[in-house]
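Asks:
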Amino acid sequence: MELSNYLIVGAVLFAIGAYGTITRRNAIAVLMGIELMLNAANINFLAFWRFLHPTSMEPQVFVLVGLTVAAADAAIGLAVVLNLYRDFGAVEVDRADTLKG
Amino acid sequence: MMHFAMQTAFWSLAALTIIPALCVVNARSIVHAGFWLLPCFLGVAGLYAALEAHFFFVTQIMIYAGAILVLVLFALMLTRNAMDPGAPQHNRLRPAAGVICAAFGILASYTLSHHHWNLSTALPGDAQTQTQALGDALIGLYAVPFEVASLLLLSALIGAVVLAKADRGPTADTPALADLMSPSQPAQSDHERIGGH
Amino acid sequence: MIAPFSALPLWLLPLAPLVAAVICAIIAVSGSRRAGKITPVLTVFATLISGLIAAAHFPQGEKFASQTYEWLTIRSGITITLSVHLDALAWTMVAVVTFVSLLVQIYSTGYMKGEPGYARYFACVSMFTCSMLGLVLADNLFQLYVCWELVGICSYLLIGFWWTKKSAADASKKAFIVTRFGDVGFFLGVLLLVSAAGSFQFSAVETTINQIANGQLTALPLFSAQTFLVVAPLLLFCGAVGKSAQFPLHVWLPDAMEGPTPVSALIHAATMVAAGVYMVARLLPIFAASQVVMNVVIITGSLTALIAATIALVQTDIKKVMAYSTISQLGYMFVGLGVGNRDAGMFHLVTHAMFKALLFLTAGSVIHALHHSAAPNDMRLMGGLGKRMRVTAITCGIGVLALAGLPGLSGFWSKDAILGAALEKHTPVANIALVVALLVAALTAFYSCRMWLLTFAGEPRSKDAEHAHEGPASMTVPLALLAVLSVVLGIWLHANGRFTSFLAAGKESAPEGMTLWLVGLASICSLAGIFGAWLVYGKTYSTTDPVEKAPGYALFVNLWYVEAFWTKIAARGALATGRAVAWFDRTVIDGLVNVVGGACQLLGNGLRRSATGQTQLYTTVVMAGLVIVALAVAIMQSGGR
Chain A
1 MELSNYLIVG AVLFAIGAYG TITRRNAIAV LMGIELMLNA ANINFLAFWR
51 FLHPTSMEPQ VFVLVGLTVA AADAAIGLAV VLNLYRDFGA VEVDRADTLK
101 G
Chain B
1 MMHFAMQTAF WSLAALTIIP ALCVVNARSI VHAGFWLLPC FLGVAGLYAA
51 LEAHFFFVTQ IMIYAGAILV LVLFALMLTR NAMDPGAPQH NRLRPAAGVI
101 CAAFGILASY TLSHHHWNLS TALPGDAQTQ TQALGDALIG LYAVPFEVAS
151 LLLLSALIGA VVLAKADRGP TADTPALADL MSPSQPAQSD HERIGGH
Chain C
1 MIAPFSALPL WLLPLAPLVA AVICAIIAVS GSRRAGKITP VLTVFATLIS
51 GLIAAAHFPQ GEKFASQTYE WLTIRSGITI TLSVHLDALA WTMVAVVTFV
101 SLLVQIYSTG YMKGEPGYAR YFACVSMFTC SMLGLVLADN LFQLYVCWEL
151 VGICSYLLIG FWWTKKSAAD ASKKAFIVTR FGDVGFFLGV LLLVSAAGSF
201 QFSAVETTIN QIANGQLTAL PLFSAQTFLV VAPLLLFCGA VGKSAQFPLH
251 VWLPDAMEGP TPVSALIHAA TMVAAGVYMV ARLLPIFAAS QVVMNVVIIT
301 GSLTALIAAT IALVQTDIKK VMAYSTISQL GYMFVGLGVG NRDAGMFHLV
351 THAMFKALLF LTAGSVIHAL HHSAAPNDMR LMGGLGKRMR VTAITCGIGV
401 LALAGLPGLS GFWSKDAILG AALEKHTPVA NIALVVALLV AALTAFYSCR
451 MWLLTFAGEP RSKDAEHAHE GPASMTVPLA LLAVLSVVLG IWLHANGRFT
501 SFLAAGKESA PEGMTLWLVG LASICSLAGI FGAWLVYGKT YSTTDPVEKA
551 PGYALFVNLW YVEAFWTKIA ARGALATGRA VAWFDRTVID GLVNVVGGAC
601 QLLGNGLRRS ATGQTQLYTT VVMAGLVIVA LAVAIMQSGG R
């Protein structure tokens with residue numbers, strides 16, 4: 001298929017992930033949204049690799065590192081959520097507004 | 001014919017990605033949302049395969065569907081009664097965010113599809129060639145990013161352990177690290193242990 | 001013996017008292033009582049240095065000592081300089097200032113003994129000495145004006161020495177503000193002259209005035225040549241009216257008696273109030289260029305002399321009598337200057353400094369003796385002090401007779417110089433001034449003898465007067481010195497035209513002849529006044545002062561309603577204007593500022609709502625921004641297509 005198709009899929013998936021991050025009240029659901037966004041980015045990268053520079057390995061290294069970072073991010077994020085749960089007894093993101101001005 | 005098969009494959013994979021994604025962000029039950037992630041990730045893996053990025057097809061399944069999804073489910077399990085199921089799952093920003101994100105999605109799609117790309121006519125190698133080349137690159141030219149990434153993973157690992165373990169001092173059930181390292185020391189009461197050091 | 005002092009730098013003349021003042025100020029601030037005791041030593045020493053340097057640089061004919069220091073040059077070419085210009089006229093003033101200041105300081109060690117603020121007093125007195133010397137040693141309008149203001153400040157500080165007393169604080173403010181009133185005119189006059197002459201120097205200004213009078217210079221700022229010749233000197237004269245307490249700005253001087261008596265002697269009798277006279281004397285060529293201006297000076301002088309003399313008649317406060325007497329005598333000096341005779345005016349300034357300082361110091365001696373009384377200044381509670389305070393009584397008597405113009409004493413010679421000058425002028429204004437001056441001479445004799453008789457003669461009228469006694473030697477010795485001078489200085493300066501030729505500085509001066517019939521007439525007026533006072537007050541009088549039955553008493557005791565005018569009309573008008581301006585400032589200007597602040601507050605409050613602390617909101621905003629960027633890209637893309 002064409003490059004633009006893949007890019008559209010990536011864009012839509014990103015939008016959905018952003019919507020999930022902004023809208024959900026459960027912290028873990030927010031992290032799910034973030035994972036979706038990271039996946040969308042990876043799709044974009046690989047699409048560009050395939051249609052613009054198929055013989056180069058750089059984009060693939062980039063994607064690999066991005067994948068790694070996403071995994072580490074998920075791990076830490078969930079550890080933080082667990083801490084939040086332990087200390088506040090709740091995982092609603094609305095409750096963490098100590099930075100309120 | 002091939003083209004039609006390709007098209008069908010692409011559109012079904014796209015649907016397999018997008019529709020579960022919508023379910024993830026709109027599910028009433030958080031556990032359902034977690035499970036909807038699986039077809040989404042599998043769909044993405046399929047898209048990678050369609051893009052002939054074979055290594056990533058496998059890696060995506062292994063890491064996302066295999067590790068991250070499990071991690072998410074574990075976290076859901078540990079925080080099971082955290083939220084009142086009757087409470088709304090979405091905050092006040094739902095309508096506004098819906099509009100904004102939809103606008104973004106539409107605009108980005110439009111922009112990206114109407115851009116003129118310098119498409120290359122080359123073809124990527126097959127799976128073995130690609131993987132070998134990737135392996136060569138990781139050990140050779142891109143060794144440093146590779147090592148840094150592994151460092152990142154190590155620190156994430158340690159960090160996660162520390163975070164999950166934080167704020168808990170030595171109690172009778174959980175002996176302090178010192179005790180674990182020198183088991184020959186006689187057991188002491190908390191008081192002495194804390195005051196003595 | 002004096003010659004070695006000429007080796008000292010000339011600028012030390014005005015600055016030695018300044019150094020002493022600074023040290024005394026530091027001592028005063030440190031609050032150390034022990035160190036405070038040595039402050040008079042410092043100031044006396046500094047004043048002595050100044051006096052001796054001056055003595056070493058006595059002007060010989062046309063040669064005199066002068067040193068200039070260029071301070072800065074304004075781009076238009078006007079240079080501001082500071083100078084020590086010790087010509088004959090300045091030397092006269094320097095002699096008077098240093099001598100009187102020295103005696104007053106020695107006297108003050110006795111008078112102010114034990115006062116808190118002792119060191120502060122001497123610091124201020126020394127500062128005053130420096131400023132006054134700077135004033136008389138100026139050869140340019142800038143330094144004159146600056147030192148003019150400086151002496152005003154020192155006067156303010158010293159009048160308000162006991163500033164915790166409300167009347168003293170009010171009096172010091174009044175003095176400063178009233179003289180400031182005159183100084184506005186003075187400043188305008190200075191600016192006018194400088195812009196016409198292109199320089200601050202007296203010589204340049206006088207040359208310019210001559211050129212205008214000769215018609216050589218016609219391009220002048222603001223005014224035509226003839227108007228300029230009238231306006232500029234009159235504006236300068238405003239300053240003299242303020243500083244030398246002439247009508248109508250004389251109202252501050254009687255109130256200034258709130259200060260310590262030695263201060264009154266130094267500042268408000270001998271020196272500061274003479275600054276106005278000195279300024280007119282110094283700049284007389286500028287004034288003389290216009291007959292109108294000279295007439296104004298004569299009229300102001302004689303009017304002031306008359307009004308002040310009548311008010312002095314009815315005063316009951318010993319210092320107030322002397323204050324009004326000073327105002328009156330200053331009027332005399334202006335009459336002398338107004339008729340064109342600088343030497344006569346200066347002669348009277350010098351002799352007046354001596355006997356008026358003497359009179360104030362004796363009054364101080366009396367007040368000091370009566371300081372336990374509730375009203376130590378009130379003459380109605382005095383009497384019979386002659387027996388108890390011999391030195392004070394005798395010296396005061398000499399001062400009174402000198403003031404009255406008893407033939408032979410110094411006041412006689414200087415008054416006659418002025419009367420003679422007025423006679424020689426032959427203009428109607430001068431003739432009227434002459435008549436008024438004679439009348440004032442009689443009144444002066446009367447009120448001064450009245451003062452002496454009420455204070456020293458008869459029987460004590462209160463308990464405190466019975467227990468009065470003489471002061472210490474530090475107070476009586478200066479009295480004696482001044483008394484001697486009051487007797488001999490007049491004849492000594494007059495003989496052989498010594499003073500006139502000194503001031504003429506080597507140029508030809510017409511010898512002074514005394515018109516005998518005028519001398520006789522003046523003497524008769526003085527003697528009449530003395531005799532009249534003896535008649536009325538020689539014997540003990542009954543409870544009411546006979547003066548109260550004099551015609552015009554109400555007018556005199558109400559100070560000719562000048563005070564009332566200033567307080568009720570001028571001051572109220574100024575306060576009303578102030579209130580209006582304050583309203584404008586509060587409502588409009590402050591309001592504007594408050595609006596700005598309020599707007600900021602509103603904006604801040606509004607923006608505050610966006611800082612909810614909820615990350616998801618922030619993310620929404622980021623996404624919205626992203627949408628805008630995508631929109632922009634889309635538009636650019638389709639536009640480019």
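Residue numbers (my numbering), protein chains in the order written: chain A, 1 to 101; chain B, 1 to 197; chain C, 1 to 641.
We put the beta carbon where it would ideally sit given N, CA and C, even for glycine.
Taking its Cβ as the centre, do 16 or more other Cβ atoms sit within 10 Å of Pro17 (chain C), making it buried, or is it exposed?
Replies: With 16 or more Cβ atoms within 10 Å of its Cβ, Pro17 (chain C) is classed as buried.
Asks: How many angstroms separate the CA atom of Phe5 (chain C) from the CA atom of Ala528 (chain C)?
Replies: If I take the Cα positions, the gap works out to 48 Å.
Asks: Got a sec: does the ligand FMN put a non-hydrogen atom nearer than 7 Å to the Cβ of Met272 (chain C)?
Replies: The ligand FMN is not part of the structure shown, which contains no ligands of any sort.
Asks: My output table needs one value for Leu82 (chain C): the three-state DSSP class, helix, strand or coil.
Replies: Three-state DSSP puts Leu82 (chain C) in a strand.
Asks: Give me the Cβ distance between Tyr537 (chain C) and Arg461 (chain C), rounded to the nearest whole Å; I'm assuming they're in contact under 8 Å.
Replies: The Cβ separation is near 13 Å, so there is no contact.
Asks: In whole angstroms, what separates the C-alpha of Thr218 (chain C) from that of Phe584 (chain C)?
Replies: Cα to Cα, the separation comes out at about 43 Å.
Asks: Anything in chain B within Cβ reach of Val30 (chain A), meaning under 7 Å, just list it in chain order.
Replies: By Cβ distance, chain B contributes nothing, its closest Cβ being about 10 Å from Val30 (chain A), past 7 Å.
Asks: With 16 other CB atoms within 10 Å as the buried threshold, where does Ile198 (chain B) fall?
Replies: Given a span of 1 to 197 for chain B in the structure shown, any question on residue 198 (chain B) remains unanswerable.
Asks: Determine which residues share a DSSP beta bridge with His90 (chain B) and list them.
Replies: Paired residues: A:Arg24.
Asks: Name, please, each residue of chain B whose Cβ falls closer than 8 Å to the Cβ of Thr620 (chain C).
Replies: Under the 8 Å cutoff, chain B gives Leu93, Ala96, Ala97 and Ile100.
Asks: Given a cut-off of 8 Å on the beta-carbon distance, is the pair Thr111 (chain B) and Ala634 (chain C) in contact?
Replies: Yes, the pair counts as a contact, with Cβ atoms nearer than the cut-off.
Asks: Could you tell me if Arg342 (chain C) is buried or exposed, where buried requires 16 or more neighbouring beta carbons within 10 angstroms of its beta carbon?
Replies: Result: buried.
Asks: Give the straight-line distance between the Cα atoms of Val642 (chain C) and Ala576 (chain C), rounded to the nearest whole angstrom.
Replies: Shown here, chain C extends from 1 to 641; a query on residue 642 (chain C) therefore has no answer.
Asks: So with Cβ pairs under 8 Å, would you call Val69 (chain A) a contact of chain C?
Replies: Closer than 8 Å: no.
Asks: Hey, quick one: how far does the beta strand (DSSP E) through Tyr142 (chain B) stretch, first residue to last?
Replies: Tyr142 (chain B) -> no beta strand (DSSP E), and no H or E assigned at all.
Asks: Going by the beta-carbon positions, is the gap between His467 (chain C) and Met389 (chain C) smaller than 8 Å?
Replies: No, they are not a contact pair.
Asks: Should Ala663 (chain C) and Ser486 (chain C) be called a contact, given that it needs their Cβ atoms to be closer than 8 Å?
Replies: No information on residue 663 (chain C) is available, as it lies outside the stretch 1 to 641 that chain C covers here.
Asks: For Ile76 (chain A), go through chain B and note every residue whose CB falls closer than 8 Å to its CB, in chain order.
Replies: Near Ile76 (chain A) (Cβ distances below 8 Å), the residues of chain B are Ala156, Gly159, Ala160 and Leu163.
Asks: Per DSSP, what kind of secondary structure is Glu654 (chain C) in: helix, strand or coil?
Replies: As displayed, chain C neither begins before 1 nor continues past 641, which places residue 654 (chain C) out of reach and without an answer.
Asks: Return the Cβ separation of Leu36 (chain A) and Gly20 (chain A) in integer angstroms, given the expectation that the two are a contact with Cβ distance under 8 Å.
Replies: Going by Cβ atoms, the distance from Leu36 (chain A) to Gly20 (chain A) rounds to 6 Å, so yes, they are a contact pair.
Asks: When you compare the CB of Val627 (chain C) with every CB in chain B, is at least one pair closer than 8 Å?
Replies: Yes, Val627 (chain C) counts as interfacial toward chain B.
Asks: Could you please give me the residues that DSSP links to Asn140 (chain C) through a beta bridge?
Replies: Asn140 (chain C) pairs with C:Gln201.
Asks: Determine the contact status of Phe176 (chain C) and Leu235 (chain C), defining contact as a CB-CB distance below 8 Å.
Replies: Not closer than 8 Å, so no.
Asks: Determine which residues share a DSSP beta bridge with Asp136 (chain B) and list them.
Replies: Answer by DSSP bridge pairing: none, since Asp136 (chain B) is not bridged.
Asks: Scan the stretch 49 to 63 of chain A for residues whose Cβ lies nearer than 8 Å to a Cβ of chain C and list them as they occur along the chain.
Replies: Answer in chain order: no residues at all.
Asks: I believe Leu229 (chain C) touches Ser101 (chain C) by the beta-carbon criterion, under 8 Å. Please report the beta-carbon distance rounded to the nearest angstrom.
Replies: Contact flag wrong, Cβ pair sits at about 37 Å.
Asks: Between which residues of its own chain and Glu206 (chain C) is the CB-CB distance below 6 Å, once the five residues before and five after are set aside?
Replies: Result list for Glu206 (chain C): Pro285, in chain order.
Asks: Whole angstroms are fine: how far does the CA of Ala21 (chain B) sit from the CA of His54 (chain B)?
Replies: Distance between the alpha carbons of His54 (chain B) and Ala21 (chain B): 23 Å.
Asks: With a threshold of 8 Å between beta carbons, is Leu119 (chain B) in contact with chain C?
Replies: Answer no: the Cβ-Cβ gap between Leu119 (chain B) and chain C never drops below 8 Å.
Asks: Going by DSSP, what residue range makes up the alpha helix (DSSP H) through Ile53 (chain C)?
Replies: It spans Thr39 to Ala56 - the alpha helix (DSSP H) in which Ile53 (chain C) sits, taken as one unbroken run.
Asks: Thinking just about the alpha-carbon of each residue, which of C:Leu86, C:Lys173, C:Asp183 and C:Thr109 is nearest to the one in Leu133 (chain C)?
Replies: The shortest C-alpha separation from Leu133 (chain C) is found at C:Leu86.
Asks: Run through chain C and tell me which residues come within less than 7 Å of Ala103 (chain B), C-beta to C-beta.
Replies: Those within 7 Å of Ala103 (chain B) in chain C are Val627.
Asks: How about Ser83 (chain C) and Asp139 (chain C): are their beta carbons less than 8 Å apart?
Replies: Contact: yes.
Asks: For Glu258 (chain C), count the other beta carbons within 10 Å of its own beta carbon; 16 or more makes it buried, fewer makes it exposed. Which is it?
Replies: Classification for Glu258 (chain C): buried.
Asks: For His115 (chain B), would you say it is in contact with chain C, using Cβ-to-Cβ distances shorter than 8 Å as the test?
Replies: Answer yes: the Cβ-Cβ gap between His115 (chain B) and chain C drops below 8 Å somewhere.
Asks: With a CB to CB cut of under 6 Å and the five nearest residues on each side skipped, what residues in its chain are close to Gln211 (chain C)?
Replies: Answer for Gln211 (chain C): Leu217, listed in chain order.
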